[in-house]
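Undergrad: Before I ask anything, let me first share the structure, which is written out below as structure tokens.
Pasting the structure below:
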């Protein structure tokens, strides 16, 4: 007997023209297009389209969702009309003109390669071009030209889009329990230790890990959202907009919720009044709240301060002593990417931390990381520059209820002048957002993607070094009872700070770091050991010696206890790479450790950009187990699955299970779309 169809919640996926579009935000949508000819034909004007202002104070970002739904529904019609009139733009020519330089091959680190983009869905590509990181690159294109590029990039895989097969769904009504939640969010605990006390994986049984099942995330080339795991359910989010509740034993779908957005953060589980709720943020800086038991959408609220605002770090739910449920949300921005367009007025957006009422999404307080930008000087192109800007909060907030404060890490300024909160660990009061103390890891750091070997007009005068804090700080407690805030930086340095004052206790620089090096997404602390992945890329340049690998430090002293140096385990043809040839999967260019690790009491799991996942003995650094995930998988949900680079959230633990997110195409890395679930096999 075929399984019963499970409930589908939220707006439909962008699979035109099957169903009407609906978005959960309260913001009304108002779109303005060139007025020329009949309504549906008017978009084919030679002028670029624009999205008009929203009524009232409603933020700009949710408008994207209505735009994408509407224009995707008409895309095939416009393409056919253009072809009939002999005026259809050539997508390949346009891609080569506007996009090729940054996406031409695996040797480029600016963004995903052409091969990776061609694995994405049209909605994701269109989102990026119209209201995401690529909107400045596409600013000179007409609507017809944008669709020509989207069609060129995604024509081969949009035909594979389909609803989840009925065989992927569990029988009967959803049975989701949240009584016991071993993995509620990014750091496992509010201190962000990424130590999993629930894990039963030891140095004795880790060698018996076997793949139990694989789940394919639909219409994506990246898997970036860490799952939430309860005693019987795995919740996972896809960039393409779906949030799925999966049976932990089999991987069948209990329920599916469609947000209608490009999701970006990891999931977090917490309380909102009487409900148990999942929280996730999207690229447009809207936070979505979903009932964990039913999949019902509860609210979607924008936290955007600017058009370039985004969410990256995971929202953190917290129930205070007064019983109020609060959600702490870090706010980042992608002005760093928009600056590559020399005609862009760089830059106005900046990072922040917000506290929301977890039940309603209402803003309680906002702490901005810089003051508002003002005009500063004209670039060499005569374009007005603005500053200060940037200081995005990439990291997941770390909570310290005993002191009534939380800690976040910040990134660089994206335009001059550099300010004192950039590249910093900032302690904020939990109830008001007031700043209590600041530790700045690197001074005078202003950088954007216009900088490089040949700096563009929008590169700030400081020109780097781009030494963000991208990894969540850890509030660690040593065996002697001493509490220490530990933070890794892209400079390759690990800092230990006094949580009361921010005073430096010790520092250890493990590598030279770089814009893509040092500590990226996270560290783990187990007992008296700080476990640190280093992501130094193998770019050849004078005076630079990369030291990618995994390092163990003493928590109280910072002394190096052991190290594992990463190596490329193949022969890479650099001439072919420079010529744009794709070396995947035989010999990927990147092989360092960028993803956040996670540990049981005895075993550290860390994964590399070449798609390999390792289990290290925490005591000695010995490799106890490993697997290579860059291959095809038979997914339980019947969708084509393939592994790739492992980055961002990387690996997770719960009970006897290891969860691995394989596929990350940013920075020229290997695309993929699979969540792998391993279990310890019986003896």
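Numbering (our numbering), first residue to last: -14 to 668.
Built from N, CA and C at the ideal position, the CB exists for glycine as well.
Could you pull out every unbroken beta strand (DSSP E) segment of at least 3 residues lying fully inside the stretch 353 to 416, listed in chain order?
TA: 359 to 363, 369 to 372, 383 to 385, 390 to 394 and 409 to 414, all fully within the stretch 353 to 416.
Undergrad: Pull up the distance between the alpha-carbon of residue 664 and that of residue 643, whole angstroms please.
TA: Between residue 664 and residue 643, the C-alpha separation is close to 6 angstroms.
Undergrad: For residue 493 versus residue 201, is the C-beta distance shorter than 8 angstroms?
TA: Against a cut-off of 8 angstroms, the Cβ pair of residue 201 and residue 493 comes out as no contact.
Undergrad: Return the CA-CA distance between residue 536 and residue 649, expressed in angstroms with no decimal places.
TA: Cα-Cα distance, rounded: 23 angstroms.
Undergrad: Can you tell which of 408, 391 and 652 has its C-alpha closest to the C-alpha of residue 420?
TA: Nearest option by C-alpha distance: 391.
Undergrad: Pop quiz: residue 594 and residue 600 are said to be a contact at Cβ under 8 angstroms. What is the actual Cβ separation, rounded to whole angstroms?
TA: About 18 angstroms separates the two Cβ atoms, so there is no contact after all.
Undergrad: Across the stretch 362 to 379 and the stretch 155 to 171, are there enough close Cβ pairs to call them in contact, namely three or more that are closer than 8 angstroms?
TA: Short answer: they don't touch.
Undergrad: When DSSP labels each residue in this structure, what does residue 188 get in the three-state scheme?
TA: Three-state result, residue 188: coil.
Undergrad: By Cβ distance below 6 angstroms, which residues in the same chain neighbour residue 570 in space, the five residues on each side in sequence not counted?
TA: Contacts found: 615.
Undergrad: Can you tell me which of 235, 641, 580 and 590 puts its alpha carbon nearest to the alpha carbon of residue 629?
TA: Considering only alpha carbons, the answer is 580.
Undergrad: Are residue 400 and residue 373 closer than 8 angstroms when you measure CB to CB?
TA: The answer is yes: Cβ separation under 8 angstroms.
Undergrad: Which class does residue 561 belong to by DSSP, given the choice of helix, strand or coil?
TA: Helix.
Undergrad: Reducing DSSP to helix, strand and coil, say where residue 294 ends up.
TA: Residue 294: strand per DSSP, three-state reduction.
Undergrad: Measure the C-alpha to C-alpha separation of residue 447 and residue 433 and round it to an integer number of angstroms.
TA: Cα-Cα distance, rounded: 10 angstroms.
Undergrad: For a test of the three-state rule: what should DSSP assign to residue 501, helix, strand or coil?
TA: Coil at residue 501, not helix or strand.
Undergrad: Is there a Cβ from chain C that is less than 8 angstroms from the Cβ of residue 231?
TA: Looking at the structure shown, chain C is missing, and only one protein chain is on hand.
Undergrad: From residue 243 to residue 465, what distance separates their C-alpha atoms?
TA: Those two C-alpha atoms are separated by around 48 angstroms.
Undergrad: Among 560, 411 and 605, which one has its Cα closest to the Cα of residue 549?
TA: Out of 560, 411 and 605, 605 has the C-alpha closest to the C-alpha of residue 549.
Undergrad: Looking at residue 525 and residue 577, is the spacing between their C-beta atoms short of 8 angstroms?
TA: No. Outside cutoff.
Undergrad: By DSSP's criteria, residue 351 is part of a beta bridge. Which residues make up the other side?
TA: Note: residue 351 sits in a beta bridge opposite 339.
Undergrad: Is the stretch 184 to 193 close to the stretch 218 to 226, with three or more CB pairs under 8 angstroms?
TA: Output reads no: the stretch 218 to 226 does not touch the stretch 184 to 193.
Undergrad: CA-CA distance, residue 328 and residue 585?
TA: Approximately 50 angstroms between the Cα atoms of the pair.
Undergrad: By a C-beta neighbour count over all protein chains shown, 10 Å radius and 16 as the cutoff for buried, is residue 611 buried or exposed?
TA: By the 10 Å Cβ count, residue 611 comes out exposed.
Undergrad: Do the stretch 340 to 360 and the stretch 250 to 262 make contact, defined as three or more Cβ pairs closer than 8 angstroms?
TA: Taking 8 angstroms as the limit for Cβ pairs, the verdict is that the stretch 250 to 262 does touch the stretch 340 to 360.
Undergrad: Would residue 619 be called buried (16 or more neighbouring beta carbons within 10 Å of its own) or exposed?
TA: Flag for residue 619 reads exposed.
Undergrad: Taking all protein chains shown into account, decide if residue 681 is buried (16 or more other Cβ within 10 angstroms of its Cβ) or exposed.
TA: This structure leaves residue 681 out entirely; the chain is present only between -14 and 668.
Undergrad: According to DSSP, is residue 67 part of a helix, a strand, or is it coil?
TA: Annotation note: pLDDT 47 at residue 67 (below 50); position unreliable, coordinate value reported separately. In this structure, residue 67 counts as helix in the three-state DSSP scheme.
Undergrad: For residue 495, collect the residues of the same chain with a Cβ closer than 6 angstroms to its Cβ; drop the 5 residues on either side in sequence, then sort them by chain order.
TA: Closer than 6 angstroms at the Cβ level, and outside the excluded window around residue 495, lie 477, 519 and 536.
Undergrad: Counting C-beta neighbours from all protein chains within 10 Å, is the total for residue 479 16 or more, i.e. buried, or is it exposed?
TA: The residue in question, residue 479, is buried, as its Cβ has 16 or more Cβ neighbours within 10 Å.
Undergrad: Quick check: what's the CA-CA separation for residue 41 versus residue 239?
TA: Per-residue confidence for residue 41 stands at a pLDDT of 31, beneath the threshold of 50, marking its modelled position as unreliable; the derived number appears in the next sentence. Residue 41 and residue 239: Cα-Cα distance of roughly 39 angstroms.
Undergrad: Using three-state DSSP, classify residue 218 as helix, strand or coil.
TA: Here residue 218 sits in strand by DSSP.
Undergrad: Between which residues of its own chain and residue 398 is the CB-CB distance below 8 angstroms, once the five residues before and five after are set aside?
TA: Here the set comprises 355, 372, 373, 374, 375, 376, 404, 407, 430, 431, 432, 445 and 447.
Undergrad: Please return the same chain residues whose Cβ sits closer than 7 angstroms to the Cβ of residue 624, not counting the five positions on each side in sequence.
TA: Only 201 and 203 meet the Cβ criterion.
Undergrad: Going by alpha carbons, who is nearest to residue 474 out of 282, 451 and 235?
TA: Checking every option, the nearest Cα to that of residue 474 belongs to 451.
Undergrad: Measuring alpha carbon to alpha carbon, tell me which residue in 261, 449, 422 and 249 is nearest residue 633.
TA: Comparing Cα-Cα distances from residue 633 to each of 261, 449, 422 and 249, the minimum goes to 249.
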